[in-house]
Structures are given as C-alpha cells and as structure tokens.
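Residue numbers (my numbering), protein chains in the order written: chain A, 1 to 197; chain B, 198 to 394.
Quick notes on the structure that follows.
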DNA sequence: TAATTAAATGAACGTTCGTTCTTTTAATAG
DNA sequence: CTATTAAAAGAACGAACGTTCATTTAATTA
C-alpha cells in the first residue's frame, strides 16, 4: 500500500519496458492489458502510470527507441569500398541486428497499426529512413526494379526473425552467411564465397 | 426487434466473413470487437451468434478456409517438367495468389498467436503442408541450406502483400515477373529471361 | 393456411479494460 | 533531522468487452 523498500524509479521503468516488449511481441499490443504488464513487472497497475502516462505512450517509446537504435547502429558501420561489399555488409548487419532483437523487430513491423495517426507518421518516417539505406546501395546495381528488389530483400531478411531461435540447428553466424549469399544471388552476384564483413 | 425483411442466413454469414476478415486484417483480432463487426455488417451484435458460436470460431473459420483454398489451388496446378520450372511456377503461383488476397494472408501469418492451442495446432499443420511444397521442389537444387532457403523465399514472396496495392505503379503481372526472377536468382539460376508459367 | 423453423432484435449478464485518485512510505535534499 | 519528493499501493471510475436470453417476426415447410 505504499512505496516498497529498495524501489528505484529507473529500475522499474526498465522492467516495464522489458516486460511489456515481451508481452506485446507475444500476444500483440491490443491483447495485452496493463494488469498483465504490472503482474510481469511485479508491481501494482497504478505504479505503471508513474513512468508512462498511457499504454500508447509505452508502445510509442518502445518502437521509436528501437528504430533510433537501429538507424544509429547502421550509421556507425564503416563505409564499404564498393557497392557489392556494401550490399553484403547491409545484409549481414540487418540479419545480425535483427535476430538478436526479435521482439523489437516483430513489434516494429506489426504494431504500427496500433498507433494513433501522429505517432504512426513519426514511426513511418523512421522506417523509411532505414529502408532508404538499402535503396541507396541498390542504386549502383543493374536491376529490373529497385524498389521492389529492396522490399523483397528486406522481406527475406526480416522474415528470419519469425523462425530464428537461439540455440537452434544453425548458429547466428551460419545464418548470416547463408542470407548474405542469398541476397547477393538475388541481385545477380554469384561469387562462390562472399567475403565476411 | 425481430427478423428483418429479406434476411437470409447465408447472405449474412457471408457478410460476417467478409467484414470480419477486413477488420481483423486492419486492426488485429484482439483489437476488433464483435460490436464493430456487427456494425460493419449492418446487424445487431447478437445476430452474429446465429452464425458463429464465438469470436474465436469465426477467426478459426477464416484461417482454415484460407489455408485449405491455398493448398487446393496449388494442388490443382499442372506438374512442371523440371525442377527449375517448378520453382518458377511456385514463385509465380504464390505471388499471384497472395497479392489478390492480402487480408487472408496477413491474417494467416499474424494471428496464429490469437488461436487457442488446439486451433493453433490444426492451422500450423496446414501451413506446414503448404511450406512442404516448396521444400520438396528445393530438394533438386544444390543449396547451402534448404530449410533456410525455403524460409527466405517464402519471406520474400509473402512480404509482397505488405506493400502491394492494386492500381499501383506496377501491375500484378509485372510484380510476378520480377519476383520470379529474384527467386530464381536466389538459388543460383541466372537465366536472363525466365519463362512465363 | 397453419405450424415450424430461421434470423434478427435489444436488454442485460458478469468481466475486464485503461485510467484516476487518495493514501502510505521509502529515498533524497537542505 | 526535517522537509520534500518519488514510488508504490489499492480501491474505484465509467466504458467496453464477449456472450446469453427472451421475444418478435420473416421465411419455409407440411
């Protein structure tokens, strides 16, 4: 009925993010109640509102946080010497980053529809920024259709998060290798052994 | 307050399927209420229960119906003369079928998690049956990893439904052509102009 | 035409939802 | 040490949820 011993706001806020992310990814935003989140955190429902004003604000924070981190991570990658290596680098980066954060990815691709208009626009803008990285790389290739090729590649890569589970038959490195080859094949580069970037 | 003039059960049942499919695809199963569906159909809430016993039963019917049609449609395709043409045929079939039914596809890939365990198992079984068609075709190719290649191809193809809108820049036929080429490239077949199946 | 069945109504059920409020107490600042 | 703030509790709010039920009337069958 009162503040609990040892409680620190930032700790609880972090737990709220972690638990709500997992729950949203598992059941979908609409199917998760604030009470479910509170139970997972180990706290009363009303305590959640000390950290996030609404359920929607919590979702918005999770999504923008993920997209900003993703964009930043790519921008910190070294510049590749040519367009073929750049594409391979992107494929490897995307797979590597995404299979380690399956919940964030799933949420980002699935729950944009749960956002109110303004929030949706902001998130969509971030997603377009990231996708532009790939289309820029593809500009140096001779393709039937650049936009569709970009969408096809992103679909292929992102789809990996729907079935990848750590500790499965293949290591993350092996999966990265296989996908890198598949992506290069897609755009007509059939080098037998792509370089590991 | 009573049966309305001109009301026929099968008509209403069809409208329930059509409207609930669109609503579920747009907002997600959990975010759609029976009242929303009833409003879209133009009927009171309780009338829905003359046709489906629960909300879950309605979802199950939509999903199983879609998967059964999909499997049947593929089984009715003619047998291709060789494995390369078979893969191209599958890619074209999958794209063609899926971009004409974006709502069903989206629902089938997204709302399996909304199913109760028994229903989930049944649907998963149907999905595995369909995916087995592709892995069987890939058995005749020399691949780094057949299972992953199958998942990558399905991800790439199915992803098309997330952005394709009728009346866009490209026709369905052009999209089919582009994806067919991308899929063949993926498995190392770089024929400049794939046959149209 | 009379009896039966099918289709829809609107009110109501108990539950759960997101959120707010008051109160209590731990952590922190002066 | 005292005052203040931060973090939690638990009860309560009206609204919306899936579902049920008794009732009414159209369509169908005998």
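Where a beta carbon is used, it is the ideal one built from N, C-alpha and C, also for glycine.
Inset, instruction - Would you kindly report the start and end of the unbroken alpha helix (DSSP H) that includes residue 374 of chain B? - result: Residue mapping note: residue 374 of chain B aligns to position 177 of the second chain, counting from 1. Looking at the DSSP string, the run of the alpha helix (DSSP H) that includes residue 374 of chain B is 369 to 383.
Legend entry - Residues that residue 360 of chain B contacts on chain A, provided the C-beta gap is smaller than 7 angstroms: Along the second chain, read from residue 1 onward, the residue named residue 360 of chain B stands at position 163. Those are 151, listed as they occur along chain A.
Legend entry - The alpha helix (DSSP H) enclosing residue 48 of chain A, as first and last residue numbers: Along the first chain, read from residue 1 onward, the residue named residue 48 of chain A stands at position 48. Run containing residue 48 of chain A: 45 to 48, per the alpha helix (DSSP H) assignment.
Legend entry - Within chain A, partners of residue 341 of chain B - CB distance below 7 angstroms: Residue mapping note: residue 341 of chain B aligns to position 144 of the second chain, counting from 1. Chain A residues near residue 341 of chain B: 178, 181.
Legend entry - Straight-line gap, residue 281 of chain B to residue 359 of chain B (C-alpha atoms, nearest Å): Start at 1 with the first residue of the second chain, and residue 281 of chain B comes out as number 84. Start at 1 with the first residue of the second chain, and residue 359 of chain B comes out as number 162. The alpha-carbon atoms of residue 281 of chain B and residue 359 of chain B are separated by roughly 27 angstroms.
Inset, instruction - Output, in chain order, the set of chain A residues within a Cβ distance shorter than 7 angstroms of residue 224 of chain B. - result: Against the second chain, residue 224 of chain B aligns to sequence position 27. By Cβ distance, chain A contributes 113.
Inset, instruction - Would you mind sorting residue 132 of chain A into buried or exposed? The rule is 16 or more other CB atoms within 10 Å of its CB. - result: Here residue 132 of chain A refers to the residue found at position 132 of the first chain. It counts as exposed.
Legend entry - Pairwise C-alpha distance: residue 267 of chain B and residue 273 of chain B: Position 76 of the second chain, counted from the first residue, corresponds to residue 273 of chain B. Position 70 of the second chain, counted from the first residue, corresponds to residue 267 of chain B. About 10 angstroms.
Inset, instruction - Show which residues of chain A have a CB atom less than 8 angstroms away from the CB atom of residue 264 of chain B. - result: Counted from its first residue, the second chain places residue 264 of chain B at position 67. What residue 264 of chain B touches in chain A: nothing, since even the nearest Cβ is about 17 angstroms away.
Inset, instruction - Pick helix, strand or coil for residue 184 of chain B, following the three-state DSSP scheme. - result: Any property of residue 184 of chain B remains undetermined from this structure, which presents chain B solely from 198 to 394.
Legend entry - Burial state of residue 116 of chain A (16 or more Cβ within 10 Å): Mapped onto the first chain, residue 116 of chain A falls at position 116. Classification for residue 116 of chain A: exposed.
Inset, instruction - Please report the residue range of the alpha helix (DSSP H) in which residue 343 of chain B lies. - result: Position 146 of the second chain, counted from the first residue, corresponds to residue 343 of chain B. Element bounds for residue 343 of chain B: 343 to 360.
Inset, instruction - Pull out every residue of the stretch 31 to 55 of chain A whose Cβ sits closer than 8 angstroms to any Cβ of chain B, in chain order. - result: 31
Legend entry - Residue-level contact to chain B via CB, residue 190 of chain A, 8 angstroms cutoff: Within the first chain, residue 190 of chain A is the residue found at index 190, counting from 1. Residue 190 of chain A counts as touching chain B.
Inset, instruction - Give the straight-line distance between the Cα atoms of residue 171 of chain A and residue 99 of chain A, rounded to the nearest whole angstrom. - result: Position 171 of the first chain, counted from the first residue, corresponds to residue 171 of chain A. Position 99 of the first chain, counted from the first residue, corresponds to residue 99 of chain A. Near 11 angstroms, if we compare the C-alpha coordinates of residue 99 of chain A and residue 171 of chain A.
Inset, instruction - Mind listing the chain B neighbours of residue 185 of chain A? Cutoff is C-beta to C-beta under 8 angstroms, in chain order. - result: One-based indexing of the first chain puts residue 185 of chain A at position 185. Near residue 185 of chain A (Cβ distances below 8 angstroms), the residues of chain B are 382, 383, 384, 385.
Legend entry - Delimiting residues of the alpha helix (DSSP H) encompassing residue 102 of chain A: Mapped onto the first chain, residue 102 of chain A falls at position 102. Note, residue 102 of chain A: alpha helix (DSSP H), 102 to 110.
Inset, instruction - Identify whether residue 292 of chain B lies in helix, strand or coil by the three-state DSSP scheme. - result: Locating residue 292 of chain B in the second chain gives position 95, counting from the first residue. Three-state DSSP puts residue 292 of chain B in a helix.
Legend entry - Residue nearest to residue 11 of chain A in terms of C-alpha spacing, selected from A:51, A:168, A:139: Residue 11 of chain A sits at position 11 when you count from the first residue of the first chain. Closest by alpha carbon: A:51.
Legend entry - Residue environment, residue 5 of chain A, which counts as buried when at least 16 other CB atoms sit within 10 Å: For this step, residue 5 of chain A is matched to residue 5 along the first chain. Classification of residue 5 of chain A: exposed, given that the 10 Å Cβ count is below 16.
Legend entry - Neighbour flag for residue 6 of chain A against chain B, beta carbons, 8 angstroms: Translated into positions along the first chain, residue 6 of chain A becomes position 6. For residue 6 of chain A, the answer is no, since every Cβ of chain B falls outside 8 angstroms of its Cβ.
Legend entry - Exposure of residue 124 of chain A, with buried meaning 16 or more beta-carbon neighbours within 10 Å: As a first step, residue 124 of chain A is located in the first chain; it is residue number 124 there, counting from the start. Exposed is the call here.
Legend entry - DSSP-derived helix/strand/coil call for residue 8 of chain A: Position 8 of the first chain, counted from the first residue, corresponds to residue 8 of chain A. Residue 8 of chain A: coil per DSSP, three-state reduction.
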